[in-house]
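Student: Going line by line, the protein sequences match chains A and B.
Residue numbers for the first sequence, in this note's numbering: 2 to 76.
Residue numbers for the second sequence, in this note's numbering: 2 to 76.
Structure incoming, see below.
Protein chains: 2
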Amino acid sequence: MKGSAVKKRIRRFRFDNAEMTQKDLAGRVGVTRQTIVAIENAKYSPTLELAFKIAAVFEVGIDDIFEYAPEPNEN
Amino acid sequence: MKGSAVKKRIRRFRFDNAEMTQKDLAGRVGVTRQTIVAIENAKYSPTLELAFKIAAVFEVGIDDIFEYAPEPNEN
DNA sequence: ACACCGTGTCCAATATATTTTACATCACGT
DNA sequence: ACGTGATGTAAAATATATTGGACACGGTGT
């Protein structure tokens, strides 16, 4: 689960949606602000459930926000 | 992340793919068999990363296997 | 200058996902 | 009948996600 692209996407969606703040998004999907920060900055990969919720807030598919990066060079 | 529909879907995909066994699928996505069992039976919801991997094995989108919105009904 | 606000980060604690091992059952072939 | 493979389940242990609190920093407004 890679970071910078996801960060850009979530940020853009947030600002495309009435300048939604990290705190707002966190409240909308029922997690804390730090979780949003961590996900945007790819500290870890969210649960599928949270990913679904975030996608639902922006009314897009999961693939529009997150992407699967098959291990940054392990072959 | 409700279970029975997901179970049916994963099972169907497994059997649609050359009778792939739980063990096989587990090996393909790099988890143990119990994890596959637990996900099929909705003991818990997988990480986004694992969901991506499973979808990739079957070459479908995450939405084709998992779902967030409460399942209307079972059959 | 000060007081917010949005963001990033660190840390300890809790919750959840995943592993490991083991055992039970059911269906199938021999 | 026996053995084997596929599946379900359960416990304890480990890994990871998430929380809650705190602190820092840049920007903006007063």
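The beta-carbon is built from N, C-alpha and C at its ideal position, and this holds for glycine as well.
Could you tell me which chain A residues have their CB closer than 7 Å to the CB of GLN62/B, listed as they occur along the chain?
Tutor: Sequence check: residue 62/B is Gly here, not Gln. Neighbours of GLY62/B on chain A, chain order: ASP64.
Student: Below 8 Å on the Cβ atoms is my guess for ILE66/B versus VAL7/B; work out the distance and round it to an integer in Å.
Tutor: Between VAL7/B and ILE66/B the Cβ distance is about 7 Å, and since that is below 8 Å, they are a contact.
Student: Compare the C-alpha of GLY31/A against each of ASN18/A, PHE16/A, THR48/A and name the closest.
Tutor: The shortest C-alpha separation from GLY31/A is found at THR48/A.
Student: So is ALA150/A buried or exposed if we call it buried at 16+ other beta carbons inside 10 Å?
Tutor: Outside the modelled stretch of chain A, which goes from 2 to 76, sits residue 150/A, for which no answer is possible.
Student: Looking at GLN23/B: is its Cβ nearer than 8 Å to the Cβ of ILE37/B?
Tutor: Yes.
Student: What first and last residue would you give for the alpha helix (DSSP H) that runs through GLU50/A?
Tutor: First-last of the alpha helix (DSSP H) with GLU50/A: 49 to 59.
Student: Rounded to the nearest angstrom, what separates SER46/B and GLU50/A at their Cα positions?
Tutor: Their Cα atoms are separated by approximately 7 Å.
Student: Just the Cα atoms here: how many angstroms apart are GLU75/B and LYS9/B?
Tutor: Note that GLU75/B scores a pLDDT of 36, beneath 50, so its modelled location is shaky; the value from the coordinates is reported in the next line. Cα-Cα distance, rounded: 10 Å.
Student: Cβ of LEU26/B within 8 Å of Cβ of VAL58/B?
Tutor: Closer than 8 Å, so yes.
Student: Do the CB positions of ARG13/A and MET21/A come within less than 8 Å of each other?
Tutor: Cβ atoms of ARG13/A and MET21/A: not closer than 8 Å.
Student: At a Cβ threshold of 8 Å, is PRO50/B touching chain A?
Tutor: In the sequence as displayed, the identity of residue 50/B is Glu instead of Pro. Chain A, which has a Cβ nearer than 8 Å to the Cβ of GLU50/B, makes this yes.
Student: List the residues of chain A whose Cβ lies closer than 7 Å to the Cβ of PHE67/B, in chain order.
Tutor: Per Cβ cutoff of 7 Å: LEU49.
Student: In three-state terms, what does DSSP make of LYS8/B?
Tutor: Residue state, collapsed to three classes: helix.
Student: Span of the alpha helix (DSSP H) holding ILE66/A?
Tutor: First-last for ILE66/A: undefined, no H or E at that position.
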